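Chemist:
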Amino acid sequence: WPPPAPLFSALLNYRHSSIAVTDEALTAWDGMQSLGDEERTNYPLTLNVDDQGEGFQLTVQTVPLVEATRICAYMQQTLNSLVDALEQAPQTPLHAISILPFNERAQLLEQCNRPEK
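Using the working numbering, you'd call the opening residue of the sequence shown number 29 and step up by one each time.
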């Protein structure tokens with residue numbers, strides 16, 4: 029039997045990180061050295077948004093069939109479009125926000141719609 033489909037296939041994880049590291053937090057690490065870290069997930073797609081106060085960082089984990097760089101490009105385009113709309117035309121409906129990165133748009137319009145010879 030094939031395994032059952034997961035209840036959720038994606039996880040959006042928003043994490044608020046503090047900007048400044050306190051002296052107390054630094055003291056807690058006295059005598060210890062971090063050798064590294066690695067995040068793991070059971071979800072086919074995980075998008076982490078790390079809010080660092082002055083900005084944020086996006087990280088994506090995907091199964092091998094999904095290109096994480098493509099997901100990041102979609103998110104970057106979506107966020108840029110949202111910021112532009114909020115700054116220039118806050119009444120813009122959500123369905124009018126462009127989410128296709130330039131390369132994806134070009135591929136869809138030029139390559140996928142090319143008539144067969």
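We put the beta carbon where it would ideally sit given N, CA and C, even for glycine.
Keep in mind the model is a prediction, meaning the values are calculated, not measured.
Run through the DSSP bridge pairs and tell me what L40 is partnered with.
Modeler: Taking the sequence shown and counting its residues from 1, one reaches residue 40 at position 12. Paired residues: L75.
Chemist: Rounded to the nearest angstrom, what separates A113 and Q61 at their Cα positions?
Modeler: One-based indexing of the sequence shown puts residue 113 at position 85. One-based indexing of the sequence shown puts residue 61 at position 33. Between A113 and Q61, the C-alpha separation is close to 45 Å.
Chemist: Taking contact to mean at least 3 C-beta pairs separated by less than 8 Å, is the region 89-99 in contact with the region 107-124?
Modeler: No, the region 89-99 is not in contact with the region 107-124.
Chemist: For F130, which beta-bridge partners are listed by DSSP?
Modeler: To locate residue 130, count along the sequence shown from 1; it is residue 102. None; F130 has no bridge partner.
Chemist: Between the Cα of P121 and those of E132, L128, S109, spot the shortest distance and give me the residue it belongs to.
Modeler: Within the sequence shown, residue 121 is the residue found at index 93, counting from 1. Ranking the options by Cα distance to P121, first place goes to S109.
Chemist: Considering only their Cβ atoms, is the gap separating L39 from T74 smaller than 8 Å?
Modeler: The residue labelled residue 74 in the question sits at position 46 within the sequence shown. The residue labelled residue 39 in the question sits at position 11 within the sequence shown. Contact: yes.
Chemist: Whole angstroms is fine: what's the gap from L107's alpha carbon to V77's?
Modeler: Here residue 107 corresponds to residue number 79 of the sequence shown, with the count starting at 1. Here residue 77 corresponds to residue number 49 of the sequence shown, with the count starting at 1. Near 12 Å, if we compare the C-alpha coordinates of V77 and L107.
Chemist: Around the Cβ of Q105, are there at least 16 other Cβ atoms within 10 angstroms (buried) or fewer (exposed)?
Modeler: By 1-based counting over the sequence shown, the position of residue 105 is 77. Label assigned to Q105: buried.
Chemist: If you measure between the beta carbons of S45 and Q89, is that distance less than 8 Å?
Modeler: Reading the sequence shown from its first residue, position 17 is the one you call residue 45. Reading the sequence shown from its first residue, position 61 is the one you call residue 89. No, the Cβ-Cβ distance between S45 and Q89 is not below 8 Å.
Chemist: Provide the residue(s) that pair with Y97 in DSSP beta bridges, ordered along the chain.
Modeler: For the purposes of this step, residue 97 is identified with residue 69 of the sequence shown, where counting begins at 1. Note that residue 97 is Thr in the sequence shown, not Tyr. BP columns for T97 are empty, so no partner.
Chemist: With which residues is Q61 paired in a DSSP beta bridge?
Modeler: Walking along the sequence shown from the start, residue 61 turns up at place 33. Looking at the DSSP assignment, Q61 forms no beta bridge with any residue, so it has no partner.
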